[in-house]
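Have a look at the structure below before the remarks.
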Amino acid sequence: MGEYKIAVIQGDGIGPEVTQEAINILKAVGKKYQHHFTFEYALAGGCAIDSYGQCLPKETLAICKGADSVMLGAVGGPKWDNVPNAQRPEKALLGLRSQLGLFSNLRPAKIYDALADACPLKAEIVAGGLDILIVRELTGGIYFGERGYRKGNYGVEAYDVETYSEVEIQRILKNAFTVAMQREKKVCCVDKANVLETSRLWRKVAEEMKASYPQVTLSYMYVDNAAMQLVRNPKQFDVIVTSNMFGDILSDEASMITGSIGLLPSASLGKGTFGMYEPIHGSAPDIAGQNKANPIAAILSAGMMLKYSFHLEKEAEDIENAVKAVLEEGMRTPDIFSEGATLLGTKEMGQAVLSHI
Ligand code: IPM
Ligand code: MG
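Numbering (our numbering) for the sequence shown: 1 to 357.
In structure tokens, the structure reads:
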């Protein structure tokens, strides 16, 4: 029996449709296990630009800070492609992450048995399934470093600086080691230590910390090699921990390996249990409002919220099992549809998952 206050940022494009289905599922889980979830809506992204003239209004931040966790749909769309850089809808994401202190981004890439065919790699490469967790540092590095223009030897030049402090590295590595303990107990630290000073500091900190996690096997890999290994032999990975930019890139690659980006959730966590949960797919403006979007990534994100923010393991498992069951029954939204399956819309897919809770 628990009380949980959830801030909901539906955002743009398909965001409102998919979050609605996730909310329905949470309500059903609440009913089953006698938890009380309340939802408070806030605007961010393009819709906030339209209503407030800015992508991340202070009202939204206040609602998020007053909640136990945040559920986010997706932000952005062609309508706002021409707004100035500092106010682009995507800036709302970066702002939420830094203002809410969400330095740790968990991005699982998992192949569901029922969807093994969707994987673009040869069957033998992923035989027996795939389950990788990318732990991406989310509030530091080059995405938040000093940037600008200056006069150089060849005229005007632009620069973006990558900086990492020991504290920033320690806290993200701690999270990676900790989640690895609940998995295969393998952590691969991905970097560019043959070139970058920041990477060498990551390795130094990792070496200092590894004694505290004797059950975890720690390895290192250069990011260029990791990009290759992800398609050559992805099953070698359990937890990958890496910087903001490398994690951004590798998590897209890993998600593509599953062949079903519409299925992948993510969690952004800070110091305590507070987190922000969102599907990794974007706002898909081309299919917005047409009942075509896959709500499963949003639904699984709600599952991650139960697990990581509220520590409701059994409830989270219920959601995962419901999704698995629906996929095994051959239910498919257009993005994962194949011959012989049952084609469902967003709402119908949400209902199908709900029927298994
Ligand atoms: C992501 C996205 C964002 C990022 C963009 C939209 C700023 O690509 O969440 O991976 O780079 O972090
Ligand atoms: Mg990205």
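Think of the CB as a built atom: it goes at the ideal place given N, C-alpha and C, for glycine as much as any other residue. Keep in mind that this is a model prediction, so the values were computed, not measured.
**Message:** For the structure I just gave you, are there three or more beta carbon pairs, one from the segment 274-293 and one from the segment 222-241, closer than 8 Å?
**Reply:** no
**Asked** Alpha carbon to alpha carbon, what distance is there between T178 and E320?
**Response** E320 and T178 have their C-alpha atoms some 21 Å from each other.
**Asked** Which of helix, strand or coil does DSSP assign to A293?
**Response** coil
**Request:** Just the C-alpha distance for L343 and P334, rounded to the nearest angstrom, thanks.
**Result:** 7 Å
**Request:** Name all residues in chain order for which at least one heavy atom of the ligand IPM lies closer than 6 Å to the residue's CB.
**Result:** E90, L93, L94, D248
**Request:** Count the C-beta pairs between the segment 41-55 and the segment 9-25 that are closer than 8 Å, then say yes if the count reaches three, no if not.
**Result:** With three or more CB-CB distances shorter than 8 Å, the segment 41-55 counts as touching the segment 9-25.
**Spatial distance of E348 from D252 (CA atoms)** = 28 Å
**Request:** Name the two residues that bound the continuous beta strand (DSSP E) containing Q10.
**Result:** 3-11
**Message:** Considering just the uninterrupted stretch of the beta strand (DSSP E) at E40, what are its terminal residues?
**Reply:** 36-42
**Prompt:** In chain order, which alpha helix (DSSP H) runs of at least 4 residues are fully inside the segment 237-275?
**Reply:** 244-258
**Inter-stretch contact (C-beta, 8 Å, three-pair minimum) for the segment 281-299 and the segment 236-250** = Contact check between the segment 281-299 and the segment 236-250: fewer than three CB pairs, one atom from each, fall below 8 Å, which does not count as touching.
**Item:** Where K324 sits in the DSSP three-state scheme
**Value:** helix
**Prompt:** Counting only runs that start and end within the segment 183-232, where is the alpha helix (DSSP H) found for 4 or more residues in a row?
**Reply:** 197-209, 223-232
**Asked** Given E358, which residues of its chain have a CB within under 7 Å of its CB, disregarding the five upstream and five downstream residues?
**Response** Given that the chain is displayed from residue 1 to residue 357, the structure contains no residue 358 and the question cannot be resolved.
**Message:** Are the CB atoms of T139 and T163 within a distance shorter than 8 Å?
**Reply:** no
**Prompt:** How many angstroms separate the CA atom of R332 from the CA atom of M71?
**Reply:** 24 Å
**Prompt:** From I169, A92, L250, pick the residue whose C-alpha is nearest to that of L43; which is it?
**Reply:** A92
**Prompt:** Tell me which same chain residues have a C-beta within less than 6 Å of the C-beta of V161, skipping the five on either side of it?
**Reply:** G145, E146
**Prompt:** Alpha carbon to alpha carbon, what distance is there between L61 and Y41?
**Reply:** Each residue's alpha carbon lies about 11 Å from the other.
**Prompt:** If you measure from the beta carbon of L264 to each beta carbon in chain B, is any gap under 8 Å?
**Reply:** Looking for chain B here will not work: only one protein chain is present.
**Prompt:** Is D113 near the ligand MG, going by C-beta to nearest heavy atom under 7 Å?
**Reply:** no
**Prompt:** Would the beta-carbon of D252 be found less than 7 Å away from any heavy atom of the ligand MG?
**Reply:** yes
**Asked** Between the segment 82-91 and the segment 26-35, do three or more beta carbon pairs fall short of 8 Å?
**Response** no
**Request:** Determine, using beta carbons only, whether Y112 and K324 come nearer to each other than 8 Å.
**Result:** yes
**Item:** A284 - DSSP class collapsed to helix/strand/coil
**Value:** coil
**Request:** State the CB to CB distance for the pair R150 and R107, rounded to an integer number of angstroms; the pair is presumed to be in contact (CB under 8 Å).
**Result:** The Cβ separation is near 34 Å, so there is no contact.
**Message:** Given this structure, state the Cα-to-Cα distance separating P295 from D318, to the nearest angstrom.
**Reply:** Looking at the two C-alpha atoms, the distance is approximately 16 Å.
**Three-way DSSP call (helix, strand, coil) for K122 in this model** = coil
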